[in-house]
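Asks: Numbering (the working numbering), first residue to last: 1090 to 1158. Just so it is clear, CB atoms sit at the ideal spot from N, CA and C, and this is done for glycine as well. Sending over a structure as structure tokens; questions will come in a sec.
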Amino acid sequence: MGLVSTDSNGNLVYPSRYYAMGNYSKFVRPGYKMIDNSDGNTFSAYDAGSNTLVLVTNQCFIQQYERDL
């Protein structure tokens, strides 16, 4: 099954994994390196060129964090 499917009437259906993939591709750009972390619900990546750390988490709350490296 792909990221988008159709219902019995031919309408496009966007499951939750479609939106989750959008979060990864929006923030984790080509060239970023995956880095290990201790949270199984969080994906972390780092880009040394821009000194950017990205954390994509699958939680039930919305909160933004900013950190200086």
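1. Distance check for F1116 and M1228, CA to CA, integer angstroms please.
2. Given a cut-off of 7 Å on the beta-carbon distance, is the pair V1093 and Y1103 in contact?
3. Would DSSP call A1134 helix, strand or coil?
4. Measuring CA to CA, which of Y1113, S1139, N1147 is closest to G1129?
5. Do you know how far the Cα of L1101 is from the Cα of V1145?
Replies: The structure says:
1. In the structure as shown, the chain begins at 1090 and stops at 1158. Residue 1228 is therefore absent and cannot be evaluated.
2. yes
3. In the structure shown, A1134 sits in a strand (DSSP, three-state: E or B).
4. N1147
5. 26 Å
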